[in-house]
Amino acid sequence: MGLEDRGIAFLNRIAEKAGYMNEWVKVREAETSPDYGTLPYERKIEDHINHGVINLDKPPGPTSHEVVAWVKRIFNVPRAGHGGTLEPRS
Amino acid sequence: MVAQLHENVPRSRIEEVVELFKGRIYQKPPVRSSVKRVIRTKTIYDIEIVDVQDKYLLLRVVCDPGTYMRKLAHDIGLVLGIGAHMRELRRTRTGPFREDDTLTTLQEVSEAVYLWKTSGNEKYLRKIVLPVEVSTAHLPKIIILDTAVGAVAHGADLAAPGVAMLTKNVEVDNTVAMYTLKGELVALGKALRSAEEIAKMDKGLVAKTTRVIMPRNVYPKTWKTKNAN
Numbered sequence: 096m097g098l099e100d101r102g103i104a105f106l107n108r109i110a111e112k113a114g115y116m117n118e119w120v121k122v123r124e125a126e127t128s129p130d131y132g133t134l135p136y137e138r139k140i141e142d143h144i145n146h147g148v149i150n151l152d153k154p155p156g157p158t159s160h161e162v163v164a165w166v167k168r169i170f171n172v173p174r175a176g177h178g179g180t181l182e183p184r185s
Numbered sequence: 012m013v014a015q016l017h018e019n020v021p022r023s024r025i026e027e028v029v030e031l032f033k034g035r036i037y038q039k040p041p042v043r044s045s046v047k048r049v050i051r052t053k054t055i056y057d058i059e060i061v062d063v064q065d066k067y068l069l070l071r072v073v074c075d076p077g078t079y080m081r082k083l084a085h086d087i088g089l090v091l092g093i094g095a096h097m098r099e100l101r102r103t104r105t106g107p108f109r110e111d112d113t114l115t116t117l118q119e120v121s122e123a124v125y126l127w128k129t130s131g132n133e134k135y136l137r138k139i140v141l142p143v144e145v146s147t148a149h150l151p152k153i154i155i156l157d158t159a160v161g162a163v164a165h166g167a168d169l170a171a172p173g174v175a176m177l178t179k180n181v182e183v184d185n186t187v188a189m190y191t192l193k194g195e196l197v198a199l200g201k202a203l204r205s206a207e208e209i210a211k212m213d214k215g216l217v218a219k220t221t222r223v224i225m226p227r228n229v230y231p232k233t234w235k236t237k238n239a240n
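Chains L and C are the protein sequences, given in the same order. Residue numbers for the first sequence, in our numbering: 96 to 185. Residue numbers for the second sequence, in our numbering: 12 to 240.
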């Protein structure tokens with residue numbers, strides 16, 4: 096399989112896993128160069144962490160903000176964020 | 012969520028009232044709120060009564076982001092005429108994330124990082140940390156040519172000739188995710204045209220870039236600059 100096919104297959108895989116389906120329309124024939132970039136699941140571990148997300152089961156108690164601070168420290172990364180809170184001050 | 016009713020009510024009555032809250036509802040943000048306190052409309056896509064035990068009501072609610080569940084529980088109590096308040100709340104789904112095998116705990120995260128740092132074993136870490144692309148798995152998608160990646164990664168809007176393929180569900184004003192042909196997330200944007208239109212265009216802008224994710228130097232610059240020779 097070419098790099099393009101593996102890239103598209105990856106996008107289809109993650110969409111399906113999330114309960115969605117990609118219906119593609121091909122507009123232009125295209126190839127991608129192996130000289131730069133990488134398949135998302137083949138990133139070096141450091142890049143993988145810097146461009147990663149975790150589906151985290153936050154314990155009740157600490158706020159999302161606090162948990163983000165911990166995660167940031169555990170991974171020792173410059174930036175981290177979260178996807179949203181359920182209530183004010185949570 | 013678990014709501015506690017302030018008095019016992021027959022289940023049939025609860026079912027009737029819960030039904031009223033499906034669809035468009037009005038909500039004013041609570042006093043302690045980070046957003047402007049004006050009445051907003053939110054859509055409740057579904058409310059499932061999972062269980063009723065005595066005064067406790069277990070509900071599964073599918074709603075717009077930013078819908079206040081505590082308010083919903085309170086309002087259900089008001090309509091029932093006996094009052095109610097929220098006791099517990101858990102998010103079971105958000106965008107592409109759900110309670111599946113990717114759901115992890117702080118404990119597991121910290122152990123996986125420890126293993127990697129002490130023994131170089133990446134296996135567990137790669138199970139827990141997902142590629143950033145996963146967070147956009149639910150969005151309409153546009154795949155762009157290698158030659159367009161550099162510009163979009165610098166914040167440029169996407170033009171028609173840069174499009175390789177796209178999903179049929181791209182509509183005007185949609186948030187769209189733009190990827191390389193390798194499947195790497197480049198940026199998020201707002202679609203300016205529908206998929207059908209974009210497929211036929213050979214010039215003009217098709218998406219406004221709103222948030223760049225890919226570092227600028229991963230793909231080469233392909234556009235001309237004044238000082239180039």
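Built from N, CA and C at the ideal position, the CB exists for glycine as well.
Legend entry - As assigned by DSSP and simplified to three states, the class of F105(L): Looking at F105(L) - three-state DSSP - the assignment turns out to be helix.
Legend entry - Local conformation of F108(C) per DSSP, three classes: F108(C) sits in a strand when the DSSP states are folded into three classes.
Legend entry - Beta-bridge partners of Q118(C), as assigned by DSSP: Bridge partners of Q118(C): none, in fact.
Legend entry - Best match in I149(L), T180(L) and E182(L) for proximity to N135(C) [C-alpha to C-alpha]: The sequence given here places Tyr at residue 135(C); Asn does not occur at that position. Here the closest residue by C-alpha is I149(L).
Legend entry - Length of the line joining the Cα atoms of D184(C) and H160(L): Taking the straight line from one Cα to the other gives about 30 Å.
Inset, instruction - Indicate whether the contact test is met: 3 or more Cβ pairs, each with one atom in the stretch 15–23 of chain C and one in the stretch 32–46 of chain C, closer than 8 Å. - result: Here the stretch 15–23 of chain C makes no contact with the stretch 32–46 of chain C; the two share fewer than three CB pairs at distances below 8 Å.
Legend entry - Close Cβ partners of G131(C) (< 8 Å) along its chain, the five nearest in sequence each way excluded: So no residue of the chain qualifies.
Inset, instruction - Assess, as a yes-or-no matter, whether the stretch 207–216 of chain C is touched by the stretch 156–176 of chain L under the definition of 3 or more beta carbon pairs within less than 8 Å. - result: Segments in contact, no.
Inset, instruction - Could you check the C-alpha separation between S205(C) and H17(C) for me, to the nearest Å? - result: Cα-Cα distance, rounded: 50 Å.
Inset, instruction - For W234(C), collect the residues of the same chain with a Cβ closer than 7 Å to its Cβ; drop the 5 residues on either side in sequence, then sort them by chain order. - result: Excluding residues within five positions, the ones whose Cβ falls inside 7 Å are A162.
Legend entry - Boundaries (first-last residue) of the alpha helix (DSSP H) holding D142(L): Where D142(L) is concerned, the enclosing alpha helix (DSSP H) stretches over I140 to N145.
Inset, instruction - Let me know the secondary structure DSSP gives N240(C) once reduced to three states. - result: Bear in mind that the predicted position of N240(C) carries a pLDDT of just 49, short of 50, making it too unreliable to give a figure here.
Legend entry - Boundaries of the beta strand (DSSP E) in which G88(C) is found, first to last residue: First-last for G88(C): M80 to L91, but that is the alpha helix (DSSP H), not the beta strand (DSSP E).
Inset, instruction - Kindly indicate if chain L contains any beta-carbon less than 7 Å away from that of G131(C). - result: Not one chain L Cβ lies under 7 Å of G131(C).
Legend entry - Distance CB(I60(C))-CB(V72(C)) smaller than 7 Å: It is not a contact, given that the beta carbons lie outside the stated cut-off.
Inset, instruction - Give a yes or no on whether the C-beta atoms belonging to E144(C) and L196(C) are separated by under 7 Å. - result: Yes, the Cβ-Cβ distance between E144(C) and L196(C) is below 7 Å.
Inset, instruction - Answer yes or no: do K66(C) and Q15(C) have a C-beta to C-beta separation smaller than 7 Å? - result: Contact flag set, yes.
Inset, instruction - Taking 7 Å as the cut-off, decide whether the C-beta atoms of E110(C) and T116(C) are in contact. - result: No, Cβ-Cβ distance for E110(C) and T116(C) is not below 7 Å.
Legend entry - Spatial neighbours of A123(C) in its chain, beta-carbon cut-off 7 Å, leaving aside the 5 residues before and after: Once the five neighbours on either side are set aside, the close Cβ partners of A123(C) are Y135, L136 and I139.
Legend entry - Residue-level contact to chain L via CB, T178(C), 7 Å cutoff: Yes - at least one Cβ of chain L is within 7 Å of the one on T178(C).
Legend entry - Check whether V187(C) and A170(C) have beta carbons under 7 Å apart: In this structure, the beta-carbon distance from V187(C) to A170(C) does not fall below 7 Å.
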